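Student: The listed protein sequences correspond, in order, to chains A and B.
Those letters in the first sequence? Residues 1 to 371, by the UniProt record's numbering.
Those letters in the second sequence? Residues 1 to 326, by the UniProt record's numbering.
Cβ coordinates follow ideal geometry from the N, Cα and C atoms, glycine included.
From a predicted model like this one, the values you see are computed outputs, not experimental measurements.
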Amino acid sequence: MSDNTAHGEPELVQLLTPDGELRDHPDYPLQISAEEIRGLYRDLVLVRRVDTEAVALQRQGELGLWASLLGQEAAQVGSARALRPQDMAFPSYREHGVAWVRGVAPKELLGLYRGVTNGGWVPGDYGLQLYTIVIGSQTLHATGYAMGVQRDGATGEDGSAVIVYFGDGATSQGDTSEAFNFAAVNNAPVVFFCQNNQWAISEPSERQTRVPLYRRAAGFGFPGVRIDGNDVLASLAVTRKAMQQAREGQGPMLIEAFTYRMGAHTTNDDPTRYRVAAELEEWKAKDPILRLRTHMASAGIADDEFFTGIEGEADRLGERLRGECRSLPDPDPLDIFHEVYAEPNTQLDLQRAEFADYLASFEDAGAEGGR
Amino acid sequence: MSVNLTIGKAINAGLRRAMEADPKVLVMGEDVGRLGGVFRVTDQLYKDFGADRVIDTPLAESGIVGTAIGLALRGYRPVCEIQFDGFFFPATNQTFTQLAKMRRRSAGALNVPVVLRIPYGGGIGAVEHHSESPEAYFAHTAGLRVVTVANAVDAYWMIQQAVSSPDPVVFFEPKRRYYDKADVDTGASVDSAAPMSSARVARQGGDLTLVAYGPMVKTALQAAEADTDHSIEVIDLRSLAPVDYSAVEESVRRTGRLVIAHEAPVTGGIGGEIAARITESCFYHLEAPVIRVGAFDTPYPQSRLEEHYLPDLDRILDGVDRAFAY
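#1: Would you tell me roughly how many angstroms separate the C-alpha atoms of serine 197 of chain B and aspartate 244 of chain B, rounded to the nearest one?
#2: Which residues in the same chain have their Cβ closer than 7 Å to the Cβ of aspartate 330 of chain A, if we skip the five residues on either side of it in sequence?
#3: Buried or exposed: where does leucine 213 of chain A fall if 16 or more other Cβ atoms within 10 Å of its Cβ makes it buried?
#4: Consider the Cβ of valine 98 of chain A: report whether some Cβ of chain B lies at a distance smaller than 7 Å.
#5: From the DSSP output, which residues share a beta bridge with glutamate 173 of chain B?
#6: Can you grab the Cα-Cα spacing for the pair proline 29 of chain A / arginine 81 of chain A, in whole Å?
#7: Do the stretch 97-117 of chain A and the stretch 184-192 of chain A touch if we need at least three Cβ pairs shorter than 8 Å?
#8: My output table needs one value for serine 246 of chain B: the three-state DSSP class, helix, strand or coil.
#9: What are the start and end residues of each continuous alpha helix (DSSP H) run of 4 or more residues lying completely inside the stretch 34-122 of chain B, in chain order?
#10: Whose Cβ in chain A lies nearer than 7 Å to the Cβ of aspartate 56 of chain B?
#11: Quick one: what's aspartate 185 of chain B bridged to in DSSP?
#12: From valine 290 of chain B to alanine 275 of chain B, what does the alpha carbon distance come to, in whole angstroms?
#13: With a cut-off of 8 Å, do at least 3 Cβ pairs link the stretch 75-89 of chain B to the stretch 58-67 of chain B?
#14: Which word fits histidine 338 of chain A, buried or exposed, when buried means at least 16 other C-beta atoms lie within 10 angstroms of its C-beta?
#15: Reducing DSSP to helix, strand and coil, say where proline 333 of chain A ends up.
#16: State the start and end residues of the unbroken alpha helix (DSSP H) segment that holds aspartate 51 of chain A.
#17: Excluding five sequence neighbours on each side, which residues of the same chain lie with their C-beta closer than 6 Å to the C-beta of histidine 7 of chain A?
#18: How is threonine 5 of chain A classed by DSSP in three states: helix, strand or coil?
#19: Going along the chain, which residues of its own chain have a beta-carbon closer than 8 Å to the beta-carbon of glycine 369 of chain A, five neighbours each way excluded?
#20: Which same chain residues end up closer than 6 Å to asparagine 181 of chain A when comparing Cβ atoms and leaving out the 5 residues on each side of it in sequence?
#21: Have a look at leucine 116 of chain B and leucine 208 of chain B and give me their C-alpha separation to the nearest angstrom.
#22: Enumerate, from N- to C-terminal direction, the unbroken alpha helix (DSSP H) stretches of 4 or more residues contained entirely within the stretch 241-305 of chain A.
#23: For threonine 259 of chain A and glutamate 36 of chain A, what's the separation of their Cα atoms in angstroms?
#24: Whole-angstrom Cβ separation of leucine 35 of chain B and leucine 15 of chain B, contact assumed at under 8 Å?
#25: Over what stretch of residues does the alpha helix (DSSP H) that includes tyrosine 145 of chain A continue unbroken?
#26: Under the DSSP definition of a beta bridge, which residues are partnered with asparagine 196 of chain A?
#27: Taking only beta-carbon positions, decide if glycine 369 of chain A is within less than 7 Å of chain B.
#28: With 7 Å set as the bound, which would you pick, yes or no: does the beta-carbon of tyrosine 274 of chain A sit closer than that to a beta-carbon of chain B?
#29: Just mark lysine 286 of chain A as buried or exposed, buried being the case when its beta carbon has 16 or more other beta carbons within 10 Å.
#30: Could one say the Cβ of alanine 325 of chain B lies closer than 7 Å to chain C's Cβ atoms, at least one of them?
#31: Applying the 10 Å Cβ sphere with the 16-neighbour rule, what's the burial state of phenylalanine 362 of chain A?
#32: My understanding is that glycine 191 of chain A touches isoleucine 163 of chain A, with C-beta atoms under 8 Å, so please give their C-beta distance in whole angstroms.
#33: Using a Cβ-Cβ distance cut-off of 7 Å, determine whether proline 119 of chain B contacts chain A.
#34: Per DSSP, which residues does alanine 241 of chain B bridge with? Please list them.
#35: How long is the line joining the alpha carbons of threonine 5 of chain A and asparagine 196 of chain A, rounded to whole angstroms?
#36: For arginine 226 of chain A, which three-state DSSP category applies?
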């Protein structure tokens with residue numbers, strides 16, 4: 001494959017190197033306090049712990065499935081910390097870090113993967129829509145939502161904007177291209193945040209694109225930028241600017257967070273069938289948490305006591321989450337019929353009544369010895 | 001030469017044989033190459049036939065079906081894997097407005113021998129969009145042949161028949177039965193297999209006809225065994241479009257009772273269509289109304305409830321009891 005692929009491109013916004021060195025970027029200056037940096041570190045560590053626990057819970061049979069975000073914590077936490085409460089985020093199904101930052105309790109995330117719900121939270125309570133499994137669908141929803149924000153006159157310096165999360169694979173879907181175009185022609189206040197984690201299950205990004213993904217935006221008439229997706233500061237700074245531009249009427253922007261899926265696609269997947277270990281090693285050296293810790297230690301932003309404290313908090317979070325997961329109740333069988341329609345539906349009411357009678361017949365039969 | 005194969009391995013072996021027999025046969029889809037598909041149905045085909053014949057496509061179902069149509073117009077026989085039932089829908093436009101209509105529109109000048117393989121149905125504890133039974137949409141669309149398999153023998157032969165069919169074929173694979181095994185005589189000729197449009201009597205009986213297809217055939221057979229009071233005949237439909245009505249009619253004329261079971265919701269489903277047809281063609285032979293056993297008119301529920309949503313042995317026997325109540 002020639003070198004006009006997604007790999008090894010030089011145009012990459014990076015504010016924190018893998019070695020933990022700070023860098024300035026002329027377009028994305030970042031004013032950030034030591035307190036905020038400690039907060040980002042805490043987010044990254046706790047989000048990773050939620051993820052690690054969830055993988056373990058799946059292995060123990062407590063979850064049906066889990067889609068790990070390992071390696072993508074910085075892209076998610078940084079961008080989500082750039083949002084304001086009045087902003088709306090549309091996730092894919094791996095955005096556990098975004099959910100964490102938006103205030104969704106980790107146990108609510110587990111519900112979907114445990115199979116007790118297909119949702120998990122009330123989107124309006126958090127400014128975070130529900131996870132979307134069918135790839136790319138949410139890009140159009142976000143664009144439409146942003147068109148609504150526009151029509152409500154809710155933009156402006158202190159107004160709202162929308163962000164949508166999707167992956168490199170999703171950029172191949174027609175829906176995503178249509179979303180880019182709708183957003184562009186409407187100048188909609190939406191930021192397209194693509195986590196290019198290099199792999200769509202077994203297919204490397206070369207199977208999805210011949211140009212760096214951020215360049216797709218130019219063809220639709222809006223700006224695109226590639227950031228170091230393992231750099232939480234770059235993710236924060238660039239998303240903050242993109243969201244503010246969107247709020248202020250400058251239209252959409254595409255952010256390609258160049259990162260890496262350190263784990264399997266989901267717990268059902270076996271990446272050893274299609275990718276080499278050396279690649280994993282290369283990306284381990286770019287770990288998003290390690291580089292922030294290095295920077296914090298060398299800049300005197302945090303001491304050992306702080307880091308130990310966060311570890312302790314992560315341990316307590318993990319323990320609590322294990323208990324919460326195991327105690328998530330199975331829904332009642334008649335829950336199948338709940339909230340299919342807002343208004344009464346005689347056909348469904350009949351089916352529900354028949355099924356309730358059917359279930360009751362087992363209780364009666366049980367008393368008599370059963371079939 | 002008899003080989004013990006799972007349904008998944010049988011489809012794999014059938015695809016391999018079709019690819020060996022005809023260099024125009026291609027396999028395409030998401031992750032079908034090096035990974036061998038998420039269910040490993042295309043395992044090793046990439047290694048043995050190469051990237052030109054086993055194509056890892058971009059993640060775009062409309063693109064998969066649309067380009068398969070183009071490849072077919074150029075003389076190829078693409079076998080497309082749609083990764084999961086619930087992921088098919090971006091391809092509805094290409095399938096329903098283009099693939100299904102091309103032959104008729106061209107007055108027979110164009111053939112589009114595309115096969116769409118779709119793992120379908122529930123029972124694997126999956127998240128949303130991974131457990132659906134959308135077959136009725138396809139059966140409702142003129143121009144598509146729709147088939148499904150319930151065992152490894154049919155899987156081996158019918159995938160080859162689907163590939164060699166000049167018509168577009170939607171090939172539904174019962175994902176929770178992928179690992180069910182049977183002995184397959186892989187040395188036999190394709191011509192020796194029954195046509196894929198024919199139904200199969202899976203169990204003989206005289207009191208009631210129980211029609212099922214795909215993943216429900218196994219459940220239907222278990223129900224028939226469990227009912228020691230009646231002699232139940234089980235018909236494995238195999239083809240959903242067209243339906244082999246003669247096989248169903250022959251059975252119903254002997255038994256006088258018909259129950260149809262499928263995982264899909266009953267409303268607008270295959271069962272309702274068969275009920276209407278059989279009521280018309282076998283009216284004077286019926287001792288009871290035709291009974292449908294299927295899912296509710298609700299979205300597929302979260303996996304912890306799927307055992308209640310999916311018709312099981314008890315739900316089928318409840319339907320059987322209702323038929324015998326007349």
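Tutor: The answer reads as follows:
#1: Going by the C-alpha atoms only, they are around 7 Å apart.
#2: Val116
#3: buried
#4: It does not; no Cβ of chain B falls within 7 Å.
#5: When DSSP reads this structure, glutamate 173 of chain B sits in a beta bridge with B/Pro119.
#6: 16 Å
#7: no
#8: helix
#9: Fully enclosed alpha helix (DSSP H) runs of 4 or longer: 45-49, 61-73 and 102-105.
#10: Glu203 and Arg207
#11: B/Ser2
#12: Per the coordinates, the alpha-carbon of valine 290 of chain B lies some 6 Å from the alpha-carbon of alanine 275 of chain B.
#13: Per the Cβ contact rule, the stretch 75-89 of chain B is in contact with the stretch 58-67 of chain B (3 or more Cβ pairs under 8 Å).
#14: Histidine 338 of chain A is exposed by the Cβ-count criterion.
#15: helix
#16: 34-59
#17: Interpretation of histidine 7 of chain A is limited by its pLDDT of 48, a score under 50 that renders its predicted location unreliable; the figure taken from the coordinates is listed afterwards. Same-chain partners within the cutoff: there are none.
#18: Residue confidence is low: threonine 5 of chain A scores 42 on pLDDT, short of 50, so the model does not pin down where it sits. Its coordinate-derived value is still stated next. Threonine 5 of chain A: coil per DSSP, three-state reduction.
#19: The predicted model places glycine 369 of chain A with a pLDDT of 49, which falls under 50 and marks its position as unreliable; any figure quoted below should be read in that light. None.
#20: Phe220
#21: The straight-line gap from Cα to Cα measures roughly 34 Å.
#22: 277-284 and 288-298
#23: 23 Å
#24: Not confirmed; about 15 Å, so no contact.
#25: 137-151
#26: Residue pairing from DSSP places asparagine 196 of chain A in a beta bridge opposite A/Phe258.
#27: Unreliable positioning characterises glycine 369 of chain A in this predicted model, as indicated by a pLDDT of 49, which lies under 50. A coordinate reading is not provided.
#28: Yes, tyrosine 274 of chain A counts as interfacial toward chain B.
#29: buried
#30: Absent from the structure is chain C; the protein chains it does hold are A and B.
#31: In the assembly as shown, phenylalanine 362 of chain A is an exposed residue. Its beta-carbon has fewer than 16 other beta-carbons within 10 Å.
#32: At residue 191 of chain A the sequence reads valine, which differs from the glycine that was named. Contact flag correct, Cβ pair sits at about 5 Å.
#33: no
#34: Per DSSP, B/Val146.
#35: Reliability fails at threonine 5 of chain A, whose pLDDT of 42 lies under 50, so the model's placement of it is uncertain and no value is given.
#36: Of the three classes helix, strand and coil, the one that applies to arginine 226 of chain A here is strand, per DSSP.
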